[in-house]
Every structure is written in structure tokens, then in C-alpha cells.
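2 protein chains.
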Amino acid sequence: MLPPARTPEQRKHDVLDRLGRDVDAWVATADPRTGAPYMVPLSFLWDGSSLLVATPSQSATGRNLRLSGTARVGVGGTRDVVMIDGAVEALEAAELQAGTADAFAAKTDFEPRSESQHYLYFRVRPSRIQAWREVNELPGRDVMRDGRWLVAE
Amino acid sequence: MLPPARTPEQRKHDVLDRLGRDVDAWVATADPRTGAPYMVPLSFLWDGSSLLVATPSQSATGRNLRLSGTARVGVGGTRDVVMIDGAVEALEAAELQAGTADAFAAKTDFEPRSESQHYLYFRVRPSRIQAWREVNELPGRDVMRDGRWLVAE
């Protein structure tokens, strides 16, 4: 027996809790020139409204994010999914707000500014967020649509 | 301190062990017409040389797999990754070898043939497999290239 489906309020709560605590995400991108799918795990920082990741500008993910400006990001496990679709903005370290790069390094234990390769930061602004555990939670899995939470503050 | 990087032999062993035991994978695809990335967790069956997944033919993943014939599949956790790139073949249940659909249902506890929607099976034949845990395992992460294991039987 599956546990009962969570309420929309509980799902939003669990999403925000996970985005605040989890370190890694599966970041799916595609090459807009060839349509080739790509995916890698990357560490992220959640600032309350967007995810920040960092990857070499010349990596497959970096190139796909720069060229396409879009990503689909999975956080959590395959039976406790937070799935995010969002628009992506590329940022140099110097373009981040004061403290953001430090907060990223502290959360992820990874300092892109110390790498010999050129890294870019990428801000993923969610347009849709879905949350589900098992099949009985597929109905009602949208917790954000068009950038708006379906449950108010 | 990270544990030492695994040998190629150990990585291949761990990959085969995980493919045999794990139930779920993150399946990344893209729409070849728009380049939009997509990803969902799906249960899989490994038969020793290919992965079998099932999804509605009209779902985003089903459509992307039919149109593009390619996928990138992540198995394991973000700190114990098995990453597979492969060519994809769509199959009706009736086209599977005898016993395969039963083995899929037994492994995944999911029976696509009983669903009211039309499901397709998709066989992912790996061309490249990579295995890494932490950053010290990024060198040497290829365990298969061009469909061939780098460590012989």
C-alpha cells in the first residue's frame, strides 16, 4: 500500500525543504543545434526563487545552457521527485550579487572561482515545479505553473 | 578525504551490479524538433546488454524517444553515477522476445500491458557507459565506448 497522496500544501513545503537542504541535482539539457540530450549531476544553491549551478563554459552542459537558455532539473530520488523546468541565465562570477559566490561555495563545498578552467554560473528560474513520490501522486503534481506557486504563501 | 578512485575492473563490476539490482533510472531525452530537454524517472530491466523501459507512446518521453532514437540515462545517485548514452528502439509488447515483458513486470512491479493507455517499450542499447562517484573518479570514467567494454570479460 502506498501512503496517501500529499496535500498541495505539504508538497510545496517538502519542495522548499528539499531545495534548501539538498546539494545535488540532475541537470538535463539539450544541444539546440542537434537535439542531442545531455544530463549530469551538479551541485546547486537555492536562494528562495532560483537555483544556481556552475559548470565549465566549454562543457557540454555549459554549452547547451548558453545556447538554449533552458533546463529541466531533477532534485531528490526517483521515488521522491522535485522536477523543475526553467529559463537559464549565464553569469560570470563578477556578475553575481555580493556574497552569492561565497554562499555557493559554502553550500556545495566547491569553489568554481579557484578552478583553472573558465566556469560560468547559471541561474535557473523555475517556470514549472512538480513534486511526486509514487504513481498515486501523479495527479496534482504541479506545485508551480508559469512561475507561480499554486499554493499561496 | 575521498576514498581512492576505483580501478577500471571495479567500476565495470559495480556498473553491472547496479544495472542488475537497481529499479529506477533518470531518462533524459530531447524533442528533436524544438531541442527542448526532458527528463523523467522510469523503471528499467537490464538484460545483460541493453536497458528496457516503458512509457506511454504519447508521453513527452515516448514521443522524444520515437522521434530522436536517442537517450541519456542516469542510474544510481548523484555521488555514485552510472551514465549511459545509447540508441533507442521502440517496440510494441508483441515484438518483445517471449518472457521479456513478464520479466519487466516482475522486476519493476509495473505492467504496461494492463494500462488503458497505449504503452511502448524502448530498448536502450548503450554506446557509452561512464561510472564515477566523486571528482577524483572523473578521469577514467568511461567503462564502455562505441558499444565496447574497456575491460574485457
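Quick mapping for you: the protein sequence lines, in order, are chains R and Y. Residues in the first sequence are numbered from 320 upward in steps of one, following the numbering used here. Residues in the second sequence are numbered from 320 upward in steps of one, following the numbering used here. For glycine and all other residues, C-beta sits at the position ideal for the given N, C-alpha and C.
Requested in this report: Starting from the C-beta of residue 357(Y), find all residues in its chain whose C-beta is less than 8 angstroms away, skip the five residues before and the five after it, and write them out in chain order.
Outcome: In the second sequence, the residue the question calls residue 357(Y) occupies position 38. 347, 348, 349, 350, 379, 380, 383, listed in sequence order.
Query raised in the report: Does the distance from the CB of residue 343(R) to the CB of residue 369(R) come in under 8 angstroms?
Result: Counted from its first residue, the first sequence places residue 343(R) at position 24. Counted from its first residue, the first sequence places residue 369(R) at position 50. No, they are not a contact pair.
Requested in this report: Consider the Cβ of residue 433(R): report whether some Cβ of chain Y lies at a distance smaller than 8 angstroms.
Outcome: Taking the first residue of the first sequence as position 1, residue 433(R) is located at position 114. Chain Y, which has no Cβ nearer than 8 angstroms to the Cβ of residue 433(R), makes this no.
Query raised in the report: In whole angstroms, what separates the C-alpha of residue 319(Y) from that of residue 429(R)?
Result: With chain Y represented from 320 up to 472, any question about residue 319(Y) goes unanswered, as that position is not in the structure.
Query raised in the report: residue 317(Y) CB to nearest chain R CB: under 8 angstroms?
Result: A question about residue 317(Y) goes unanswered here, because the residues of chain Y that appear run from 320 up to 472.
Query raised in the report: Near residue 460(R), what residues of its chain come up, given a Cβ to Cβ distance below 7 angstroms and the 5 sequence neighbours on each side ignored?
Result: Reading the first sequence from its first residue, position 141 is the one you call residue 460(R). Once the five neighbours on either side are set aside, the close Cβ partners of residue 460(R) are 449, 450, 451.
Query raised in the report: Alpha carbon to alpha carbon, how far is residue 355(Y) from residue 463(R)?
Result: What you label residue 355(Y) is simply residue 36 of the second sequence in a count that begins at 1. What you label residue 463(R) is simply residue 144 of the first sequence in a count that begins at 1. Their Cα atoms are separated by approximately 19 angstroms.
Query raised in the report: Of all the residues that make up the segment 320 to 345 of chain R, which are near chain Y by a beta-carbon distance shorter than 7 angstroms?
Result: 343, 345
**Report entry** Residue ranges of each alpha helix (DSSP H) within the segment 344 to 394 of chain Y, 4 or longer
**Finding:** Runs of the alpha helix (DSSP H) inside the segment 344 to 394 of chain Y: 379 to 387.
Query raised in the report: What are the start and end residues of the beta strand (DSSP E) that includes residue 441(R)?
Result: Taking the first sequence and counting its residues from 1, one reaches residue 441(R) at position 122. Element bounds for residue 441(R): 438 to 451.
Query - Separation of residue 455(R) from residue 414(R), as counted between CA atoms - result: On the first sequence, position 95 is the one that residue 414(R) refers to. On the first sequence, position 136 is the one that residue 455(R) refers to. Residue 414(R) and residue 455(R): Cα-Cα distance of roughly 43 angstroms.
Query - Collapsed DSSP secondary structure at residue 338(R) in the structure displayed - result: Numbered from its first residue, the first sequence carries residue 338(R) at position 19. Shown here, residue 338(R) sits in a helix according to DSSP, grouped into three states.
Query raised in the report: For a contact meaning CB atoms closer than 9 angstroms, what does residue 463(R) contact in chain Y?
Result: As a first step, residue 463(R) must be located in the first sequence, where it is residue number 144. Those within 9 angstroms of residue 463(R) in chain Y number zero; the least Cβ separation is about 17 angstroms.
Query raised in the report: Who are the neighbours of residue 379(Y) on chain R, taking C-beta pairs under 8 angstroms?
Result: Numbered from its first residue, the second sequence carries residue 379(Y) at position 60. The premise fails here: residue 379(Y) is roughly 10 angstroms from chain R at the closest Cβ pair, so nothing lies under 8 angstroms.
Report task. Could you work out which residues of chain R lie near residue 348(Y), taking near to mean beta carbons separated by less than 7 angstroms? Result -> For the purposes of this step, residue 348(Y) is identified with residue 29 of the second sequence, where counting begins at 1. The contacting residues are 356.
Requested in this report: Using a Cβ-Cβ cut-off of 8 angstroms, state whether residue 372(R) counts as contacting chain Y.
Outcome: As a position in the first sequence, residue 372(R) is number 53, starting the count at 1. No, no contact with chain Y.
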